[in-house]
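Enquirer: The opening residue of the sequence shown carries number 545 in the working numbering; numbering runs sequentially from there.
Can you read through this structure? Questions will come right after.
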Amino acid sequence: MEIPVFTVDAFTNLPFKGNSAAVCLLLHELQDDLYQNIAAEMNLSETAFIIHLNSKDDFSSGARFRLRWFTPTTEVPLCGHATLASAAVLFYKKKNINSTVVFETLSGELYVRQQGESIVMDFPLNKPTPVGLNEFKDIVKAAVGGQPVQEVCLCATTKMLMVHLADSCDRSVLMSLQPDPAVLLRVDTGGRVRGLLVTMIGDPGCPPGYDFYSRNFFPWFGVPEDPVTGSAHTVLAGYWSEKLGKKKMLAYQCSSRGGELELEVQDDGRLNIAGKAVTVLQGILTV
């Protein structure tokens, strides 16, 4: 079997920045172990599979597809950068004729559309809830060491723990963090945490005017640090929107590759995430 495959750098307009995702185009579903083996072979934080649904349509004319995401070790219920990458393949490489496509996913229907040079994704908004620092003191210490912490929140829906560094911290503090994935896995024994988000307030007065920064760690899914994470921003946007009193925000994820996300909280309680993407590789996967 031959499967068209693309590597796309998402949340950037530059090759080798943002977050890379592999995107595979399938005419039918595969066995789950084959999905997982392909994702392990691609060895990126996520591999996306766009699955053809309607025999009357193709990838250039169809408006509705199934979409699944796999890390090298497991399937995940939601992935932002691989959704952006998938839409980029349909819009830019397959020249899909529709202004909006719909992906059927484990997180429901996701509507994705073109807007100028960006792709806009309609995602759920997952607001976190403040928790006591002592409740997660071991994992917080493993994440940020002795750095001052403003607040700790947990999103029960996504199982993401968010650590807000004190506003007195400089961005260099966030950049210098080096949490050990093995330690993070060892100190979380209750299964309540599946992702760690470390965030801090931005500097809107300094161009381009980022409202907040973050770094995101997912060793629970076999991803020590994710370069740019759309799903994490469904939590971060819910938090910072209330803190800043803003519905439109510009965020930057401070990984070594780095990536920019435009966020807008909608009146219907959902979130628009916009970003750019560039395809750096395309070929055929033979299995």
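A virtual CB, placed ideally from N, CA and C, is assigned to each residue, including glycine.
Does the beta-carbon of L741 have 16 or more other beta-carbons within 10 angstroms, so that it is buried, or is it exposed?
Expert: The residue given as residue 741 occupies position 197 in the sequence shown. Buried, by the Cβ-count rule.
Enquirer: Excluding the five sequence neighbours on either side, which residues of its own chain have a C-beta within less than 6 Å of the C-beta of T833, listed in chain order?
Expert: This structure cannot settle anything about residue 833, because the visible part of the chain is limited to 545 through 831.
Enquirer: In the DSSP assignment, find the unbroken beta strand (DSSP E) run with T743 in it and report its ends.
Expert: On the sequence shown, position 199 is the one that residue 743 refers to. That run of the beta strand (DSSP E) goes 739–745.
Enquirer: For a test of the three-state rule: what should DSSP assign to E546, helix, strand or coil?
Expert: Residue numbering aside, residue 546 sits at position 2 when the sequence shown is read from its first letter. Strand, per DSSP.
Enquirer: Span of the beta strand (DSSP E) holding V824?
Expert: What you label residue 824 is simply residue 280 of the sequence shown in a count that begins at 1. It spans 821–830 - the beta strand (DSSP E) in which V824 sits, taken as one unbroken run.
Enquirer: By DSSP's criteria, C568 is part of a beta bridge. Which residues make up the other side?
Expert: As a working mapping, residue 568 is identified with position 24 in the sequence shown. In DSSP, C568 forms a bridge with V549, F593.
Enquirer: Quick one: Cα of I595 to Cα of G802, how far?
Expert: As a working mapping, residue 595 is identified with position 51 in the sequence shown. As a working mapping, residue 802 is identified with position 258 in the sequence shown. Taking the straight line joining both Cα atoms gives about 29 Å.
Enquirer: For K790, which of V772, Q810, P771 has the nearest alpha-carbon?
Expert: Residue mapping note: residue 790 aligns to position 246 of the sequence shown, counting from 1. Minimum Cα distance to K790 is reached at Q810.
Enquirer: What does a CB cutoff of less than 6 Å around N508 pick up in its chain, not counting 5 residues either side in sequence?
Expert: Given that the chain is displayed from residue 545 to residue 831, the structure contains no residue 508 and the question cannot be resolved.
Enquirer: On the premise that L654 lies in contact with T627, defined as a C-beta separation below 8 Å, what is that separation, rounded to the nearest angstrom?
Expert: For this step, residue 627 is matched to residue 83 along the sequence shown. For this step, residue 654 is matched to residue 110 along the sequence shown. So it is a contact: roughly 6 Å between Cβ atoms.
Enquirer: In chain order, what residues of the same chain lie with their CB nearer than 7 Å to the CB of G782, ignoring the 5 residues before and after it?
Expert: Counting from one through the sequence shown, the residue named residue 782 turns up at place 238. Closer than 7 Å at the Cβ level, and outside the excluded window around G782, lie L669, N670, K671, P672.
Enquirer: If I measure Cβ to Cβ from G827 and keep anything under 7 Å in the same chain, skipping five residues before and after, which residues do I get?
Expert: Your numbering for residue 827 matches position 283 in the sequence shown. Cβ neighbours of G827 beyond the five flanking positions: V549.
Enquirer: Taking only the alpha-carbon atoms, compute the straight-line gap between T778 and D577 and give it to the nearest angstrom.
Expert: Here residue 778 corresponds to residue number 234 of the sequence shown, with the count starting at 1. Here residue 577 corresponds to residue number 33 of the sequence shown, with the count starting at 1. Each residue's alpha carbon lies about 29 Å from the other.
Enquirer: If we count the other Cβ atoms within 10 Å of its Cβ and call it buried at 16 or more, is E804 buried or exposed?
Expert: On the sequence shown, position 260 is the one that residue 804 refers to. With 16 or more other Cβ atoms within 10 Å, it is buried.
Enquirer: DSSP has M719 in a bridge; who is on the other side?
Expert: Position 175 of the sequence shown, counted from the start, is the residue given in the question as residue 719. For M719, which the question treats as bridged, DSSP gives no partner whatsoever.
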